[in-house]
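**Q** Let me begin by handing over the structure; questions about it come next.
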Amino acid sequence: MTNFDDLEIRVHAIETVEKQADKVTHTTIDLLHKTFITPLDRDDIHQLITRMDDILDLLEDAAQTISLYDIKSITPEAKRLAELCLACAEKVQAAVALLHNMDNSRQILAICQEIDRLESDADHVMRAAMSKLFRDEPDVRTLIKLKAIYEILETVTDRCEDVANIIEGIIVENA
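Under the numbering used here, the first residue of the sequence shown is numbered 378, with each subsequent residue one higher.
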């Protein structure tokens, strides 16, 4: 989130990935309807796939909002929130990759705890960012733009925590 020269190319790439994820989500849901026996509870799979899709939807929203609002530079707080989003998303990917084998339950639960910690960090960054923004930003338009971006980025970490909670439930049911 420091180089905005190729922003439109990056936004388009994110939109492309999000569309691909939507296809995976719809295919998975279709397969859930057609498959008699599933490796995990149908509802767990459905919740997991839709919450993961929500993460990508929000990342797309963040990219589009930055582009739409014609943001040319980003605050350190927004950069930190973006870093936390990336870390959470990487942890979600790692946890989901291990779900194929319940022998990985301890490792999966440790990753879920790390996602929870990262989301808590994002909450703290968000509160500090909002306080600073409302205290120090004289331009109302800039304030509105940054507030929206902060909120979207923090919500990404909330959805990652939701995925971690679903995964923890899967572990409790299946390990």
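A virtual CB, placed ideally from N, CA and C, is assigned to each residue, including glycine.
Keep in mind that this is a model prediction, so the values were computed, not measured.
So is residue 454 buried or exposed if we call it buried at 16+ other beta carbons inside 10 Å?
**A** Classification of residue 454: buried, given that the 10 Å Cβ count is 16 or more.
**Q** List in chain order: all unbroken alpha helix (DSSP H) runs of 4+ residues lying wholly within the stretch 443-510.
**A** The stretch 443-510 is shown to contain whole alpha helix (DSSP H) runs of 4 or more residues at 453-475, in chain order.
**Q** Where does the unbroken alpha helix (DSSP H) through residue 417 begin, and where does it stop?
**A** No alpha helix (DSSP H) holds residue 417; DSSP gives it neither H nor E.
**Q** Have a look at 527, 490, 552 and flag the residue whose alpha-carbon is nearest the alpha-carbon of residue 540.
**A** Cα-wise, what sits closest to residue 540 is 490.
**Q** When you compare each of 469, 500, 443, 499 to residue 543 by their alpha carbons, which one comes out closest?
**A** 469
**Q** Suppose the cutoff is 6 Å on Cβ atoms and the five residues either side in sequence are ignored; what does the same chain contact list for residue 430 look like?
**A** Within the same chain, residue 430 has close Cβ partners 398, 402.
**Q** Over the uninterrupted alpha helix (DSSP H) stretch that includes residue 541, give me the two end residues.
**A** 517-551
**Q** Rank 549, 535, 493, 389 by C-alpha distance to the C-alpha of residue 432 and give the top, closest one.
**A** 535
**Q** In this structure, does DSSP put residue 514 in helix, strand or coil?
**A** coil
**Q** For residue 383, which three-state DSSP category applies?
**A** coil
**Q** How many Å lie between residue 485 and residue 517 at the Cα?
**A** Residue 485 and residue 517: Cα-Cα distance of roughly 44 Å.
**Q** From residue 473 to residue 515, what distance separates their C-alpha atoms?
**A** 44 Å
**Q** Pick from 548, 527, 418, 444: whose alpha carbon is nearest that of residue 488?
**A** For the residues 548, 527, 418, 444, the minimum Cα distance to residue 488 belongs to 548.
**Q** How long is the line joining the alpha carbons of residue 445 and residue 434, rounded to whole angstroms?
**A** Taking the CA atoms as reference points, residue 445 sits about 16 Å from residue 434.
**Q** Which same chain residues end up closer than 8 Å to residue 565 when comparing Cβ atoms and leaving out the 5 residues on each side of it in sequence?
**A** Absent from the model: residue 565. The displayed extent of the chain is 378 to 552, so no value can be given.
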